[in-house]
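Trainee: Quick one: this structure, given as structure tokens, is what I'll be asking you about.
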Amino acid sequence: MALLDENRLLPVDQGVRALARALYDAVKNAPIVSPHGHTDPRWFAQDAPFADPAQLLVTPDHYVFRMLHSQGVPLESLGVPRVDGGASETDGRKIWRCFAQHYHLFRATPSRLWLDHAFETVFGFDTPLSAATADDYYDRISQALTRPEMRPRALFKRFNIEVIATTESPLDDLKWHKMISESGWDGRVITAYRPDAVTDPDFEGFGDNIEQFCALGGQSSTSFDAYLDAHRDRRGYFKSFGATSSDHGHRTAATLNLDRAGAKALYDKVLAGQADAAEREAFRAQMLTEMAKMSVEDGLVMQIHPGSWRNHSTPVHQRFGRDKGYDIPTRTDYVAALKPLLDAVGEEPDLRVILFTLDETSYARELAPLAGVYPCLRLGPAWWFHDSFEGMWRYREMITETAGFYNTVGFNDDTRAYLSIPARHDVARRVDAGFLANLVATGRLSEEDAYEVIQDLTHRLARQAYKL
Amino acid sequence: MALLDENRLLPVDQGVRALARALYDAVKNAPIVSPHGHTDPRWFAQDAPFADPAQLLVTPDHYVFRMLHSQGVPLESLGVPRVDGGASETDGRKIWRCFAQHYHLFRATPSRLWLDHAFETVFGFDTPLSAATADDYYDRISQALTRPEMRPRALFKRFNIEVIATTESPLDDLKWHKMISESGWDGRVITAYRPDAVTDPDFEGFGDNIEQFCALGGQSSTSFDAYLDAHRDRRGYFKSFGATSSDHGHRTAATLNLDRAGAKALYDKVLAGQADAAEREAFRAQMLTEMAKMSVEDGLVMQIHPGSWRNHSTPVHQRFGRDKGYDIPTRTDYVAALKPLLDAVGEEPDLRVILFTLDETSYARELAPLAGVYPCLRLGPAWWFHDSFEGMWRYREMITETAGFYNTVGFNDDTRAYLSIPARHDVARRVDAGFLANLVATGRLSEEDAYEVIQDLTHRLARQAYKL
Amino acid sequence: MALLDENRLLPVDQGVRALARALYDAVKNAPIVSPHGHTDPRWFAQDAPFADPAQLLVTPDHYVFRMLHSQGVPLESLGVPRVDGGASETDGRKIWRCFAQHYHLFRATPSRLWLDHAFETVFGFDTPLSAATADDYYDRISQALTRPEMRPRALFKRFNIEVIATTESPLDDLKWHKMISESGWDGRVITAYRPDAVTDPDFEGFGDNIEQFCALGGQSSTSFDAYLDAHRDRRGYFKSFGATSSDHGHRTAATLNLDRAGAKALYDKVLAGQADAAEREAFRAQMLTEMAKMSVEDGLVMQIHPGSWRNHSTPVHQRFGRDKGYDIPTRTDYVAALKPLLDAVGEEPDLRVILFTLDETSYARELAPLAGVYPCLRLGPAWWFHDSFEGMWRYREMITETAGFYNTVGFNDDTRAYLSIPARHDVARRVDAGFLANLVATGRLSEEDAYEVIQDLTHRLARQAYKL
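Protein chains in written order, with my numbering: chain X, 363 to 830; chain F, 363 to 830; chain P, 363 to 830.
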């Protein structure tokens with residue numbers, strides 16, 4: 363018995379499925395181009411074995427622990443560390459058993475598909491995970507992790523990764539990236555510039571971050587001009603480690619284009635800690651436009667990821683810290699929000715800005731119409747909670763008619779769950795194959811074109827959009 | 363000729379349909395668990411025959427008369443009584459003929475499916491209702507209603523209802539529920555606590571309601587403390603008639619968690635009639651949190667039904683009163699709105715809050731992500747205008763990947779149209795069977811799991827979620 | 363080889379497709395009823411040959427040039443004239459080659475379908491447009507345009523147009539319409555009243571427009587009363603050229619119903635150029651209600667087309683003027699916005715107001731519930747970016763269950779691209795046939811009813827709704 367259906371996610375109509383299968387077969391072994399993600403560069407630098415199954419697959423995966431918690435499992439039972447150093451489960455087997463016992467909660471979710479994909483293709487399981495098989499799973503995975511072919515670099519090759527981007531703060535010294543490049547290993551691991559820690563006044567330690575940042579950028583002062591120069595410097599430094607993009611995770615997509623005096627005054631107020639909520643938002647907004655202007659100069663592709671209310675539960679945030687599954691999407695406007703940036707640089711021929719959303723209502727209403735006319739705009743793939751079969755299908759249905767395929771940028775896995783990367787790209791390829799086959803079957807695309815488009819969606823558009 | 367297709371609402375692909383049919387067959391005769399609805403307890407208390415066909419099926423059903431009115435039929439012609447006592451049609455046959463003549467308006471609507479289901483399975487019709495068959499329908503239904511097997515209690519058994527909840531105001535003395543329980547009849551009819559009349563300052567007669575309410579709750583004063591104690595008392599009284607839930611129908615999902623002094627001051631201002639619109643909204647918001655806190659104490663499951671702009675047409679409201687089909691859904695936020703309540707009690711292990719929406723954009727963006735992490739939250743079924751094939755399908759498609767099946771609570775019929783109850787549950791079972799079959803056919807769920815999930819969705823989750 | 367699949371857009375399941383095909387066949391040759399559009403009445407008045415292929419199919423079609431521009435093609439290269447008179451390509455063949463070279467951008471878009479439809483059915487091509495075939499296309503189309511059967515009136519007959527409405531400003535003297543009617547030609551071309559230039563204070567030249575408008579309307583003053591009388595007069599004048607409708611393209615759906623004194627004061631302030639943004643919006647809102655009241659008097663069907671942020675890019679607007687593909691949809695509210703108008707005249711038996719939207723989230727949440735109860739309201743078809751296969755399908759799925767078919771008004775092509783009209787109506791007929799066949803296959807509609815409904819959707823509802 364297999365965990366995976368070989369025709370999973372393909373259309374149910376047999377005629378359409380046959381074509382979808384053929385399209386999928388044309389790309390199933392194509393290399394993985396992963397231009398946006400959150401794997402740890404340390405893995406590739408040190409190439410050390412992964413820890414136990416729970417540390418690999420449960421404790422760090424917010425998709426997994428949020429679902430268990432939603433049904434009453436305390437985060438402590440899953441080994442999530444407490445801020446106050448209070449007790450949290452450390453026995454990997456106990457955590458694993460709890461996870462296995464609740465595995466039915468993941469029925470029909472993407473997590474289930476990603477996990478089963480890893481269980482079957484990486485570890486060779488053919489019986490589903492459950493309370494009954496928990497220990498067997500734990501033992502076999504533990505053992506596998508000791509083998510050389512399960513180390514990060516070996517998996518990189520096995521997963522057929524052509525290039526993978528990590529994401530770092532401008533305060534990062536990129537030492538792991540340096541170690542990778544000095545190691546002589548031929549895997550292509552690049553960084554990306556994520557300056558939220560120094561562009562978002564609400565980020566923890568913002569004032570200290572600015573000071574450290576300007577110093578790192580070779581600036582002796584923290585004036586606005588020095589601060590902008592520090593960005594230029596750090597962007598250059600990131601580019602020297604392969605970065606081709608920057609990434610911006612503000613709560614909204616607000617942009618602003620103040621004159622220089624206004625921007626300086628705002629910066630001074632923010633830095634002095636005297637800015638109110640509207641002014642702090644204005645600063646984030648202004649910085650998106652500043653970043654776009656620097657992109658015109660240095661060619662970094664800009665990614666805007668708005669719309670997540672981070673750390674929504676105050677008590678959970680206080681108890682466990684950031685990124686504990688409590689990031690909740692919110693309604694997100696793009697049309698008014700992006701106008702200042704677009705009026706400033708939207709027609710620049712060499713600028714590229716990739717927009718993401720967690721608010722699907724903006725696909726057909728705002729994002730496709732914007733990307734379908736502004737030369738600088740492209741649309742990122744279905745993101746986060748929408749990195750799923752239905753999410754991707756809705757994305758294609760709502761975007762393609764207005765923006766076409768060529769204003770999209772292929773797939774991003776956007777993950778820190780290393781073992782899920784092949785599964786995620788596989789899901790995207792299957793959805794695209796099914797979507798294209800359906801277009802052919804309904805006379806909206808020729809079969810010949812479909813074979814070309816599936817290559818575009820699988821790797822060509824990602825390389826072009828991210829200048830890889 | 364039948365009015366109903368025996369494979370209605372099942373997927374069109376023959377392979378998928380066969381599995382869907384098998385899944386449906388596994389639950390089609392399962393008992394009806396109806397944890398939220400608006401049937402009249404008097405029916406079950408008195409067990410009197412229903413009046414004429416128009417009084418049973420047309421005049422009280424806002425789905426029906428709103429559609430006729432949208433095409434120009436005056437509400438008076440449908441027997442809807444006027445507030446000023448002006449003339450309104452009282453001849454059941456005339457009303458029925460008008461309805462029959464416009465029956466084509468219901469093509470492809472859920473009302474059509476519910477009505478045809480009752481016409482065929484309860485009354486034995488096999489020719490569609492139309493102007494030509496109107497009199498025959500009227501005569502045969504009139505006659506049927508005189509028979510003992512058409513009385514409320516007989517239908518209760520025939521419909522295979524395991525338990526049904528009605529909804530009452532805290533000002534209700536529950537005399538019909540008392541009469542049912544004293545009658546020795548074994549049908550399980552329970553109440554639910556719906557305090558809008560005393561928590562919403564914009565409710566008609568709010569001041570008087572509070573006075574009556576505090577007195578009913580054994581309080582000699584109407585101070586805020588006495589008011590809260592009256593809630594505790596009435597909730598206990600409702601529990602003694604089987605209530606396991608409360609229900610809250612505010613226009614928004616706003617919540618607030620003021621300190622005690624602030625809450626008292628707000629209450630005093632509201633009670634004095636001196637609160638402005640924002641303060642009246644704040645009071646409703648505060649009361650949702652107060653109710654949640656009481657739920658932590660007494661275990662009542664809390665239901666929040668926001669997002670309806672009630673009685674939208676002022677002239678119609680003045681002429682015909684409340685609930686005349688003019689309730690229009692509005693955009694509804696949950697992420698900011700619920701935060702105060704969730705920060706206060708969202709991690710309480712024994713709290714359960716069921717969220718409903720009329721704004722489908724919140725399914726994938728807000729509700730599934732919220733319910734997929736907060737242990738107290740569950741999602742109510744597709745509601746009101748979305749209690750339909752497409753509505754339910756979109757609900758499953760947009761919610762399942764992020765919240766799974768186990769953060770949902772099965773089906774609610776939410777109706778006062780008694781004869782439509784079997785039809786409504788049948789629709790839900792068919793949609794779920796089709797949805798699950800499609801998951802199996804696309805490799806997203808094992809067949810074995812599908813047979814388990816269909817039982818969960820049909821009755822197990824409803825019993826668990828509502829503590830029945 | 364054909365450019366078009368004869369079963370395009372029909373459901374993939376063979377059984378459902380057969381029924382869809384039969385339904386489609388029943389209406390594929392039905393006459394075109396086009397109650398809302400933007401063809402140029404001059405074409406029908408003068409019946410002159412169309413200019414070169416680029417002037418016919420590329421330069422004036424914002425769907426086409428916006429997509430090319432989104433991939434970096436300067437608007438100048440497509441012959442779009444500059445406001446400052448700067449250089450813009452005038453060589454039709456060069457423009458055409460650029461278009462042909464980028465034709466892959468249109469894969470899976472409605473533009474591709476409309477263009478291929480014209481290429482095959484009007485010009486007889488059977489090889490796709492591409493860089494390789496660009497010159498052959500250009501030559502053959504150029505030659506065809508010289509032939510008498512390619513003139514506007516001949517195409518009118520060939521396209522089987524029963525009636526077509528154009529759209530004119532109240533400042534228009536309707537001379538082309540006069541010329542048509544005096545020509546003795548039997549094609550039915552009617553106008554529609556689009557008063558934005560004199561109801562929207564933000565319209566270019568508003569003050570001058572008002573002066574000219576009142577004079578045209580036979581008024582010696584521009585007082586509010588005279589202004590309203592001028593509307594009455596011009597509406598009457600438009601009716602004498604066949605107008606049965608007015609059309610209103612405000613950014614929002616806001617309405618207002620001030621008392622006479624308040625409305626006059628607002629008008630005076632607006633006319634004096636002293637109104638702020640909120641007051642200018644209030645004036646637009648007030649004028650929607652005034653227009654509705656006049657519709658009660660004179661019977662013109664009112665169309666409200668809100669939700670587009672026109673000319674979003676300031677630099678592009680400055681360089682190329684209005685309507686250059688930079689109109690971006692925005693979130694649009696109807697429930698609060700329309701209440702003043704609906705409270706004023708929403709129950710008037712002879713009023714008809716047709717609502718359009720670019721915000722699909724309003725379909726199921728707001729528009730279907732509103733149209734499903736207010737007797738004056740009807741829903742326009744899927745509009746603009748949603749005039750597409752997926753757009754129409756979502757429209758039917760989200761509207762039908764609550765509003766039924768009979769609160770919709772059939773199809774509008776809403777286009778200035780004359781050659782696309784048959785293709786657009788054909789797409790609508792195919793989508794409707796497929797949608798109905800799917801309802802039949804899932805037991806939600808009888809086959810007999812489906813054959814009646816397809817006629818309703820194709821032409822009957824349009825004639826009824828627009829009083830044609």
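Every residue gets a Cβ at the ideal spot worked out from N, C-alpha and C, and that includes glycine.
(1) Using DSSP's beta-bridge definition, name the partner residues of Asp609 of chain F.
(2) First and last residue of the beta strand (DSSP E) that includes Ser396 of chain F?
(3) Among F:Gly598, F:Ser396, F:Gly669 and F:Gly635, which residue has its Cα nearest to the Cα of Leu819 of chain F?
(4) Have a look at Phe575 of chain X and Ala733 of chain F and give me their C-alpha separation to the nearest angstrom.
(5) In terms of DSSP beta bridges, what is Val551 of chain F paired with?
(6) Could you give the DSSP three-state label for Val715 of chain X: helix, strand or coil?
(7) For the segment 698-743 of chain X, which segments carrying the beta strand (DSSP E) assignment without a break, of at least 3 residues, lie completely within its bounds, in sequence order?
(8) Helix, strand or coil for Ser670 of chain P per DSSP?
(9) Using the C-alpha atoms, what's the distance from Asp712 of chain P back to Leu620 of chain P?
(10) Looking at Phe468 of chain X and Gly805 of chain F, is the spacing between their C-beta atoms short of 8 Å?
(11) With distances taken Cα to Cα, identify the nearest neighbour of Ser473 of chain P among P:Asp402, P:Gly683, P:Phe427 and P:Leu507.
(12) Please list, in chain order, the residues of the segment 674-697 of chain F that have any C-beta partner in chain X closer than 9 Å.
(13) In or out: Asn774 of chain F buried (at least 16 other Cβ within 10 Å) or exposed?
(14) Flag this pair as touching only if the segment 397-408 of chain P and the segment 437-444 of chain P have three or more C-beta atom pairs under 8 Å; answer yes or no.
(15) With respect to the alpha helix (DSSP H) encompassing Gln581 of chain X, which residues constitute its N-terminal and C-terminal limits?
(16) DSSP on Thr561 of chain F, reduced to helix/strand/coil?
(17) Against chain F, with Cβ distances strictly below 8 Å, would Val752 of chain X count as a contact?
(18) Since Tyr736 of chain X contacts Leu704 of chain X with CB under 8 Å, what's their CB separation in whole angstroms?
(19) By DSSP, does Pro784 of chain X sit in helix, in strand, or in coil?
(20) Beta carbon of Asp609 of chain P, beta carbon of His667 of chain P: below 8 Å?
(21) Just tell me which of F:Trp458, F:Thr483 and F:Phe481 has its CA closest to the CA of Asp497 of chain F.
(22) Could you check which residue in F:Phe600, F:Ser492, F:Ala647 and F:Ser543 has the C-alpha nearest to that of Asp562 of chain F?
(23) Exposed or buried, which one is Gly486 of chain P when buried takes at least 16 other CB atoms within 10 Å?
(24) Give, in chain order, every unbroken run of the beta strand (DSSP E) that is at least 3 residues long and sits entirely within the segment 479-524 of chain P.
(25) Contact between the segment 501-520 of chain X and the segment 407-425 of chain X: three or more CB pairs below 8 Å?
(26) When burial is assigned at 16 or more other CB atoms within 10 Å of the CB, is Val663 of chain F buried or exposed?
(27) Could you tell me which chain X residues have their CB closer than 7 Å to the CB of Ser432 of chain P, listed as they occur along the chain?
(28) DSSP state of Pro691 of chain P, grouped into three classes?
(29) Figure out for me which residue from F:His466, F:Gln817, F:Trp755 and F:Ser531 has the closest Cα to the Cα of His593 of chain F.
(30) For chain P, check one thing: does any of its Cβ atoms lie closer than 8 Å to the Cβ of Ala470 of chain F?
(31) Between the beta-carbon of Phe461 of chain P and the beta-carbon of Leu430 of chain P, is there less than 8 Å?
(32) When you compare the CB of Thr614 of chain F with every CB in chain X, is at least one pair closer than 8 Å?
(33) For Ser675 of chain P, which residues in the same chain have their Cβ closer than 7 Å to its Cβ, ignoring the five residues on either side in sequence?
(34) Which residue from X:Val697, X:Glu482, X:Arg556 and X:Val771 puts its Cα closest to that of Leu823 of chain X?
(35) By the DSSP assignment, the alpha helix (DSSP H) with Ala462 of chain F in it spans what residues?
Mentor: Put simply:
(1) F:Gln665
(2) Ile394 to Ser396
(3) F:Ser396
(4) 39 Å
(5) F:Ile526
(6) strand
(7) 715-717 and 739-741
(8) strand
(9) 22 Å
(10) no
(11) P:Phe427
(12) Arg693, Asp695, Tyr696 and Val697
(13) buried
(14) no
(15) Gln581 of chain X -> no alpha helix (DSSP H), and no H or E assigned at all.
(16) helix
(17) Note on identity: in this sequence residue 752 of chain X is Glu, with Val being the wrong assignment. Chain F contact via Cβ: present.
(18) 6 Å
(19) helix
(20) yes
(21) F:Trp458
(22) F:Ala647
(23) exposed
(24) none
(25) yes
(26) buried
(27) Ala733, Gly734, Val735, Tyr736, Pro737 and Asn769
(28) strand
(29) F:Ser531
(30) yes
(31) yes
(32) no
(33) Tyr688
(34) X:Val771
(35) Gly454 to Gln463
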